[in-house]
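Asks: For the sequence shown, numbering that gives the first Met the number 0 gives the first residue as 0, with consecutive numbering after it.
Where is the CB? At the ideal position from N, CA and C, for every residue including glycine.
Below are the structure tokens for one structure; questions will follow.
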Amino acid sequence: MATARDSFGTVLQVDVSGTFTSVGNLTSVGFLDASYEDIDTTTMDTTGGKAFLPSALYDGGTISCTVLYDPDDSRHEALKTSFDARTTESWKIQLSDTTDTITFSGYVKSMSGTAEVDGALSMSFSIKVTGGVTITDS
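Structure representation (structure tokens):
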């Protein structure tokens with residue numbers, strides 16, 4: 000039987016001047032959205048229709064995140080600065096209360112804020128992974 004792990008305590012961090020710094024007020028973070036492209040090898044005489052081969056082209060995917068937005072939080076302002084500059088940075092996801100980590104390089108690709116009548120200010124953003132992803136198990 001599989002063991003479920005609690006995600007409470009998961010942390011998203013970005014490398015700021017050589018030190019990983021947590022992005023505050025994180026409410027959700029997605030990960031492992033990587034894929035390989037397919038090469039269509041279909042010909043007019045392909046048996047059974049379509050045929051595909053895996054390509055060497057790797058897409059690291061996109062990491063989707065949401066925070067409770069605080070305009071006075073310098074870490075949230077740093078996300079906007081990174082977005083404006085289109086800077087590739089080192090990122091780390093620390094999974095719950097373990098030493099399991101997911102590290103990758105990427106840039107802030109999109110940002111979107113939300114203000115609702117009966118809710119907290121929130122900001123969603125995505126990080127486009129620009130290379131490989133390393134998973135370290137404890």
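(1) May I have the straight-line CA-CA distance separating T98 from P70, to the nearest angstrom?
(2) Can you tell me which residues form a DSSP beta bridge with G112?
(3) Determine, using beta carbons only, whether N24 and L94 come nearer to each other than 8 Å.
(4) With three or more beta-carbon pairs closer than 8 Å as the criterion, would you say the stretch 81-91 touches the stretch 43-54?
(5) Would you mind giving the Cβ-Cβ distance between T65 and S109, rounded to the nearest angstrom? I have them listed as a contact below 8 Å.
(6) From S63 to S6, what distance separates their C-alpha atoms?
(7) In the structure shown, what three-state DSSP assignment does A3 receive?
(8) Give the DSSP-derived three-state secondary structure of S73 in the structure shown.
(9) Here's a check: name, in chain order, each residue in its chain whose Cβ is nearer than 7 Å to the Cβ of V107, leaving out the five neighbours to either side.
(10) In three-state DSSP terms, what is G94?
(11) My output table needs one value for K79: the three-state DSSP class, helix, strand or coil.
(12) Helix, strand or coil for A50, going by three-state DSSP, please let me know.
(13) Reducing DSSP to helix, strand and coil, say where A33 ends up.
(14) Tell me which same chain residues have a C-beta within less than 6 Å of the C-beta of T100, skipping the five on either side of it?
Replies: Straight from the coordinates:
(1) Numbered from its first residue, the sequence shown carries residue 98 at position 99. Numbered from its first residue, the sequence shown carries residue 70 at position 71. So the two alpha carbons sit approximately 30 Å from each other.
(2) Translated into the one-based positions of the sequence shown, residue 112 becomes position 113. Note: G112 sits in a beta bridge opposite M122.
(3) Taking the first residue of the sequence shown as position 1, residue 24 is located at position 25. Taking the first residue of the sequence shown as position 1, residue 94 is located at position 95. Result no, Cβ atoms of N24 and L94 do not sit closer than 8 Å.
(4) Flag = no, the stretch 81-91 and the stretch 43-54 do not touch.
(5) Residue mapping note: residue 65 aligns to position 66 of the sequence shown, counting from 1. Residue mapping note: residue 109 aligns to position 110 of the sequence shown, counting from 1. T65 to S109, Cβ: 12 Å. No contact.
(6) Counting from one through the sequence shown, the residue named residue 63 turns up at place 64. Counting from one through the sequence shown, the residue named residue 6 turns up at place 7. In this model, S63 and S6 are separated by some 15 Å (Cα to Cα).
(7) As a working mapping, residue 3 is identified with position 4 in the sequence shown. Coil, per DSSP.
(8) By one-based count along the sequence shown, residue 73 stands at place 74. Three-state result, S73: helix.
(9) As a first step, residue 107 is located in the sequence shown; it is residue number 108 there, counting from the start. Residues of the same chain with a CB within less than 7 Å of the CB of V107, apart from the 5 flanking positions on each side, are L78, S81, F82, F124 and I126 in chain order.
(10) If you number the sequence shown from 1, residue 94 lands on position 95. Looking at the sequence shown, residue 94 is not Gly but Leu. Three-state result, L94: coil.
(11) Here the question's residue 79 lines up with position 80 in the sequence shown. If DSSP states are grouped into helix, strand and coil, K79 belongs with the helices.
(12) One-based indexing of the sequence shown puts residue 50 at position 51. Looking at A50 - three-state DSSP - the assignment turns out to be coil, as it is neither helix nor strand.
(13) In the sequence shown, the residue the question calls residue 33 occupies position 34. Reduced to three states, the DSSP call for A33 is coil.
(14) Taking the sequence shown and counting its residues from 1, the one referred to as residue 100 is at position 101. Here the set comprises K91, Q93 and T135.
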